[in-house]
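Read the structure below first, then the notes.
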Amino acid sequence: MRMLARCGWLLLGCLPGWVLAEPIPLQPLIDRTPPGETLVLEAGTYAGPVVIDKPMILDGRDRATIDAGGKGSVIVLRTDGATIRNLHLTGSGESHNDIDAGIQVRGKYNVIRDNRIDDCLFGIDLQQANNNVVRRNRIRSKDFELGQRGDAIRLWYSFDNRIEDNDIEQVRDTVVWYSANNVIARNRARNSRYSLHFMYSRYNLVEGNEYVNNTVGIFLMYSDGVVVRNNYIANASGPTGVGIGFKETSDLTVEGNRILYCASGMYLDVSPFQPDTTNRMTGNLIAYNGIGVRFLNDWTGNIFRGNSFMDNLTQIAVTGGNTANRNTWDGNHWSDYEGFDQDGDGIGDTPYKLYDYADRLWQDEPYAQFFKGSPMLEVLDYLERLAPLSEPRMLVQDNRPRLSPEPVIAKAGETKEDGFDALEQLRKSLGR
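Shown next, in the form of structure tokens:
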């Protein structure tokens, strides 16, 4: 009988002349909650935007919605030590200038967990916000064109935060700008632009994330000392699709990642940038990509050790008639290696050497890339190998090619190069 009565009221609310209940005012409830106390919301829809300026717990118990009605940010957090959990946040404004978001964080030691954020331009925006935890949130932007959406999670001059186990879809980017010592772990991002984009951000840890069907997986610009470990990146397959990319970035440790079905598995542009520094790529699986590793220029200071290059259409490409052989290539597996292992030590008896023949056409002339893989280029490539008209360019030489396709991650002692210890630096950056 009670259920029938409730259904009756719902039907009456839909009849002409009947007005559905307005959202419950939430700001007065927050204002009346003493610092340090918990405000548990009953089932229903509450009116935003709201401001929280004291340490408290706001708990929706997975039954409460806060709707900003298309104005501003749903929650603005201007305090330290607050918790926002188990809420459905929706209906932010549409201003990129004001960064209209599900939650704006302007404090430290806050916990934002287990919330569902949708129809919000930006998801969670942290500005000058340190030592916060953002965990297990489900984030979707507004139903706009890709470039007009907001970012899922945005860190701006924010340090020592933990961004973990969030589920992200149909947003623009996740960005880390001018921020250091953050941990970004076990997040999932799909159907967006940049899964994770760093700008001028040092000593961050990116570990165990899953980035699928985005334009770009992870891209680091002017961001030194970052560790990128054990991530799964797949199907960054647009014209500019990149699994992991670096621009003018130094002292990187990139290990144990799986990069599959991307236009380019890795992309390097003037990296490492700082003098006398090294980037270390160890134990990564780079497979089934259009290009395994693409160098935008002839550069040095990168170490590729123990990686597996499996069935990429082009294993290595270098723009501008240059070579990648000034970098270190050691103990990698190459699926197109044609040598033998007569002594059974797991290492090929002859070096792996990669030359470019007809491939130089599309590497040097971008418009010719349209013909990559075509019968015409295949015939040209065969003829070049059979009777080259000019000296072919050697792109890579690996003197110890590994026959086993299983990637091999360097031991702790092997990550130290040129006076830089990646593991020690990571411990320092995380305060351990």
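Mapped onto our numbering, the consecutive letters of the sequence shown carry residue numbers 555 to 986.
Where is the CB? At the ideal position from N, CA and C, for every residue including glycine.
Notebook entry, point to check: With burial defined as no fewer than 16 other Cβ atoms inside 10 Å of the residue's Cβ, what is the status of ARG986: buried or exposed?
Noted result: Because the pLDDT of ARG986 is 43, which lies under 50, any placement of that residue in the model is unreliable, and the number read from its coordinates should be weighed accordingly. By the 10 Å Cβ count, ARG986 comes out exposed.
Check: To which residues of the same chain is PHE863 closer than 7 Å at the C-beta, ignoring the five residues directly before and after it?
Finding: ILE840, GLY846, GLN869, ASN886, HIS887, TRP888 and SER889
Notebook entry, point to check: How long is the line joining the alpha carbons of THR969 and ARG834, rounded to whole angstroms?
Noted result: Confidence is the limiting factor: at THR969 the pLDDT is only 38, short of 50, which leaves the residue's position unreliable, though a coordinate-based value still follows. So the two alpha carbons sit approximately 7 Å from each other.
Check: Alpha carbon to alpha carbon, how far is PHE849 from PHE800?
Finding: 10 Å
Notebook entry, point to check: With 16 as the cutoff for other CB atoms within 10 Å, does SER627 come out buried or exposed?
Noted result: buried
Item checked: CB-CB length for ARG660 against ARG632, believed under 8 Å -> 5 Å
Check: According to the neighbour-count rule (16 or more other Cβ atoms, all chains shown, within 10 Å of its Cβ), is SER961 buried or exposed?
Finding: Correcting the residue type first, residue 961 is Pro in the shown sequence and not Ser. Answer is buried; the Cβ neighbour count reaches 16.
Next item on the list: Taking LEU675 as part of the alpha helix (DSSP H), name the residues at either end of that continuous run.
Entry: Unbroken run through LEU675: none, as it is neither H nor E.
Checklist line | Alpha-carbon spacing of VAL604 relative to ASN686, whole angstroms | finding: 20 Å
Check: Out of THR587, GLY645, ALA636 and ASP607, which has the shortest C-alpha to C-alpha gap to TYR600?
Finding: GLY645
Next item on the list: Taking all protein chains shown into account, decide if ARG617 is buried (16 or more other Cβ within 10 angstroms of its Cβ) or exposed.
Entry: exposed
Notebook entry, point to check: Skipping 5 residues on each side, what residues in its chain have a beta carbon closer than 7 Å to that of LEU558?
Noted result: Note that LEU558 scores a pLDDT of 29, beneath 50, so its modelled location is shaky; the value from the coordinates is reported in the next line. Counting only Cβ-Cβ distances below 7 Å, and skipping sequence neighbours, we find nothing.
Note to self: Across the region 892 to 903 and the region 869 to 882, are there enough close Cβ pairs to call them in contact, namely three or more that are closer than 8 Å?
What the structure shows: no
Check: According to DSSP, is GLY635 helix, strand or coil?
Finding: coil
Next item on the list: May I have the straight-line CA-CA distance separating PRO582 from ILE606, to the nearest angstrom?
Entry: 11 Å
Next item on the list: Mark ASP865 as exposed unless 16 or more other C-beta atoms lie within 10 angstroms of its C-beta, in which case mark it buried.
Entry: exposed
Next item on the list: Per DSSP, which residues does SER818 bridge with? Please list them.
Entry: VAL796 and ILE845
Note to self: Just to confirm the assignment, what range does the alpha helix (DSSP H) spanning LEU957 have?
What the structure shows: Run containing LEU957: none; DSSP gives neither H nor E here.
Check: Do you know how far the Cα of PHE752 is from the Cα of ASN758?
Finding: 9 Å
Item checked: C-beta contact flag for ASP613 and VAL594 at 8 Å -> yes
Margin query: Please classify SER804 as buried or exposed, where buried requires at least 16 other C-beta atoms within 10 Å of its C-beta.
Written below: buried
Notebook entry, point to check: Taking the alpha-carbon positions, what's the THR769 to THR794 distance?
Noted result: 7 Å
Next item on the list: Have a look at PRO589, ALA597 and ILE653 and flag the residue whose alpha-carbon is nearest the alpha-carbon of THR637.
Entry: PRO589
Notebook entry, point to check: The beta strand (DSSP E) with ASP616 in it runs from where to where?
Noted result: 611 to 621
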